[in-house]
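Taking it in order: structure first as structure tokens, then the write-up.
Number of protein chains: 2
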Amino acid sequence: MGARDLAAFAALFADESRATMLLALLDGRAWTAGELARHARVAPSTATGHLGRLVAGGVLTEERQGRHRYVRLAGPAVAQLVEELAGLAGPGPDEAPRSLAAASAGRAMARGRTCYDHLAGRLGITVTDALTTRGLLRQDTGFALTDRGLEWFADLGIALVPKGRRPLARGCLDWTERRPHLAGRAGAALCAHALEAGWCVRIGSGRAVKVTPAGETALRHVLGIEADALR
Amino acid sequence: MGARDLAAFAALFADESRATMLLALLDGRAWTAGELARHARVAPSTATGHLGRLVAGGVLTEERQGRHRYVRLAGPAVAQLVEELAGLAGPGPDEAPRSLAAASAGRAMARGRTCYDHLAGRLGITVTDALTTRGLLRQDTGFALTDRGLEWFADLGIALVPKGRRPLARGCLDWTERRPHLAGRAGAALCAHALEAGWCVRIGSGRAVKVTPAGETALRHVLGIEADALR
DNA sequence: CGCACCTTTCGGCACGGCCCGAAACGTCGG
DNA sequence: CCGACGTTTCGGGCCGTGCCGAAAGGTGCG
Numbered sequence: 008m009g010a011r012d013l014a015a016f017a018a019l020f021a022d023e024s025r026a027t028m029l030l031a032l033l034d035g036r037a038w039t040a041g042e043l044a045r046h047a048r049v050a051p052s053t054a055t056g057h058l059g060r061l062v063a064g065g066v067l068t069e070e071r072q073g074r075h076r077y078v079r080l081a082g083p084a085v086a087q088l089v090e091e092l093a094g095l096a097g098p099g100p101d102e103a104p105r106s107l108a109a110a111s112a113g114r115a116m117a118r119g120r121t122c123y124d125h126l127a128g129r130l131g132i133t134v135t136d137a138l139t140t141r142g143l144l145r146q147d148t149g150f151a152l153t154d155r156g157l158e159w160f161a162d163l164g165i166a167l168v169p170k171g172r173r174p175l176a177r178g179c180l181d182w183t184e185r186r187p188h189l190a191g192r193a194g195a196a197l198c199a200h201a202l203e204a205g206w207c208v209r210i211g212s213g214r215a216v217k218v219t220p221a222g223e224t225a226l227r228h229v230l231g232i233e234a235d236a237l238r
Numbered sequence: 008m009g010a011r012d013l014a015a016f017a018a019l020f021a022d023e024s025r026a027t028m029l030l031a032l033l034d035g036r037a038w039t040a041g042e043l044a045r046h047a048r049v050a051p052s053t054a055t056g057h058l059g060r061l062v063a064g065g066v067l068t069e070e071r072q073g074r075h076r077y078v079r080l081a082g083p084a085v086a087q088l089v090e091e092l093a094g095l096a097g098p099g100p101d102e103a104p105r106s107l108a109a110a111s112a113g114r115a116m117a118r119g120r121t122c123y124d125h126l127a128g129r130l131g132i133t134v135t136d137a138l139t140t141r142g143l144l145r146q147d148t149g150f151a152l153t154d155r156g157l158e159w160f161a162d163l164g165i166a167l168v169p170k171g172r173r174p175l176a177r178g179c180l181d182w183t184e185r186r187p188h189l190a191g192r193a194g195a196a197l198c199a200h201a202l203e204a205g206w207c208v209r210i211g212s213g214r215a216v217k218v219t220p221a222g223e224t225a226l227r228h229v230l231g232i233e234a235d236a237l238r
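Chains H and G are the protein sequences, given in the same order. Sequential numbering from 8 applies to the first sequence in this note's numbering. Sequential numbering from 8 applies to the second sequence in this note's numbering.
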């Protein structure tokens, strides 16, 4: 009877405080227990309990450094699950954005953000579409890079060697655009490259990113993306 | 703040009785409220409450026929989520099978079963591997059918027309084999064909299936699968 | 029409969880 | 060595929710 295990595992996500923490951790970085407690607006002692359960359940991994307790998502599979839950949770009645500040933050997130370790939002969709129309990515029969796509990554200095069980390319449902964007090893490598090469930078401390002028030039050059498409 | 929605949605899966029902519904068929109540070993009144919540949350769809209330999973996305939860729930310490009967049922399920609407277990893995080694399915750069793969389906009398948002091919993590098997529209079409053509039949009322002698012949003929590989 | 059968509504009970504050523990820096 | 800070443990209060039984709708069949 795996039902008991399934229920216990799902219960880890079935609390608003833990969900707030997990959504924050979707940026792929390690947070301290105190940061997560303040972010979720609960007492430190409460956060300790939550983090303990999430670590025990295999959702998070922890790393102790001195008096700090750093936690991060346990891996891509967990990140994918959180994204899927977030994507399926909404689709009921259309909801109006809460406040003006939330709407503004929402627009920045909708323009571009990281989704664990790859690009999402309008930016992620635009890049994925450009890869597809240029014959570097196939979406008609599944979701996979073409041989020309492998060359394109190699030209960027990114060697995509199969390692571990993570697929090279995978479609990740974008819940602001309602369409899939590139995830998997290729999506992670491309996002890392974009951040390192200065194509885009993080806004504040959240998951939102914005494309730099240099990034606009580079995207037009390597993928034929016009700056207008990113606004 | 989508955290509240995420938590409320996850809570739908965070109960053993509901999880038992959802796992049963993974066979893709419609069940009546009474059947699910008996299967989960709860009173009919309790089942009514659970089903009401699952339907309201968009996890199930219902269809009333006379004095019966038929429910089924709301769609492939929900099925995928349940499978993912089930797959990630276990991987802690290795667990020994409970009883002999459970072990026997487990072996039948491990040999072959349906996973919502496609084939899983050793049967699903074997078919997926055969498709891959024959160049009909690519897994190295993602998970997609090749052009030759499309022809192979057409030769079987299966026209794979893109319709809706469901991808043609998708990898679904098999939690008995720990490897992906073919899901998506192609996986569903192949499973339906296998059942219609008598390649395999359902065992009892569950999700387990077994390959018929005619099925062994057919699989050897169209995919070069030897019967030994299915045992 | 009346009797099964499936399903639903309603009260009431019990268990488990989430939360906090106070106090203790451990680490870092002066 | 002492104070500041991050984290943890413990106890207690509170709310949500799962469960059932009894009774009431509805539906179909004889």
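All C-beta atoms, glycine included, are put in the ideal place defined by N, C-alpha and C.
Residue 195 of chain G to residue 9 of chain G span [Cα, whole Å]
32 Å
Run of the beta strand (DSSP E) containing residue 181 of chain G, from where it starts to where it stops
177-181
Can a CB atom of chain G be found closer than 8 Å to the CB of residue 12 of chain H?
yes
Inter-residue spacing [alpha-carbon to alpha-carbon] between residue 202 of chain G and residue 208 of chain G:
6 Å
Contact set between residue 23 of chain H and chain G, taken where Cβ atoms lie within less than 7 Å
10, 11, 14
Near residue 188 of chain H, which residues of its chain fall below 6 Å by C-beta distance, leaving aside the five closest residues on each side in sequence?
127, 131, 132, 135, 179, 181
Uninterrupted alpha helix (DSSP H) stretches inside the stretch 120-150 of chain G (no shorter than 4 residues)
128-140
Determine the contact status of residue 25 of chain H and residue 46 of chain H, defining contact as a CB-CB distance below 8 Å.
no
Tell me the DSSP secondary structure of residue 187 of chain G in three-state form.
strand
Cutoff 6 Å; reference residue 11 of chain H; Cβ partners in own chain excluding five residues on either side:
none
Is any beta-carbon of chain H found at less than 8 Å from that of residue 83 of chain G?
no
Rounded to whole angstroms, how far is the Cβ of residue 149 of chain H from the Cβ of residue 150 of chain G, which I believe are closer than 8 Å?
5 Å
Short check: CB of residue 21 of chain H to CB of residue 18 of chain G, under 8 Å?
yes
When you check each C-beta in the stretch 49-71 of chain G against every C-beta of chain H, which residues fall closer than 7 Å?
65
Does the count of Cβ pairs from the stretch 223-233 of chain G and the stretch 136-147 of chain G closer than 8 Å reach three?
yes
I'd like the list of long-range same chain contacts for residue 28 of chain H, defined as Cβ closer than 6 Å, with 5 residues on each side in sequence excluded.
43, 47
Cβ-based neighbour list, residue 16 of chain G, same chain, cut-off 7 Å, excluding 5 preceding and 5 following:
64
Return the bridge partner residues of residue 38 of chain H from the DSSP annotation.
H:78
Closest residue to residue 174 of chain H among H:192, H:37, H:163 (Cα-Cα distance):
H:192
Going by C-alpha distance, which of H:198, H:225, H:36, H:55 is nearest residue 119 of chain H?
H:198
Measuring alpha carbon to alpha carbon, tell me which residue in G:52, G:219, G:84 is nearest residue 177 of chain G.
G:84
Using 10 angstroms around the beta-carbon of residue 168 of chain G, count the other beta-carbons present and answer buried if the total reaches 16, otherwise exposed.
exposed
Keeping to the same chain, check which residues put their C-beta closer than 8 Å to that of residue 90 of chain H; ignore five residues upstream and five downstream.
33, 122, 123, 179, 180, 182
Go through its chain and collect everything with a Cβ distance to residue 206 of chain H's Cβ below 8 Å, but skip five positions before and after it.
200, 218, 219, 221, 222, 225, 226
What number of angstroms, rounded off, separates the C-alpha of residue 164 of chain G from the C-alpha of residue 152 of chain H?
28 Å
Which residue comes first and which comes last in the beta strand (DSSP E) that contains residue 55 of chain G?
First-last for residue 55 of chain G: 51-63, but that is the alpha helix (DSSP H), not the beta strand (DSSP E).
Rounded to whole angstroms, what is the Cα-Cα separation between residue 55 of chain H and residue 129 of chain H?
36 Å
Are the C-beta of residue 160 of chain H and some C-beta of chain G separated by less than 8 Å?
no
Using the beta-carbon of each residue, which ones in chain H are nearer than 7 Å to residue 145 of chain G?
151
Any idea which residues DSSP pairs residue 218 of chain G with across the strands?
G:207
So with CB distances below 8 Å, who are the chain G contacts of residue 175 of chain H?
147, 148, 149
Can you name the residues of chain G whose CB is closer than 7 Å to the CB of residue 90 of chain H?
Those do not exist, as residue 90 of chain H stays about 10 Å from chain G at its closest Cβ, beyond 7 Å.
Can you give me the Cβ contacts of residue 77 of chain H inside the same chain, cut-off strictly under 8 Å, excluding the 5 residues immediately before and after it?
37, 38, 39, 69, 70, 71
Can you tell me whether residue 166 of chain H is buried or exposed? The criterion is at least 16 other CB atoms within 10 Å of its CB, across all chains shown.
exposed
7 Å Cβ shell around residue 41 of chain H - same chain, five flanking residues per side excluded:
51
Who are residue 67 of chain H's beta bridge partners in DSSP?
H:80
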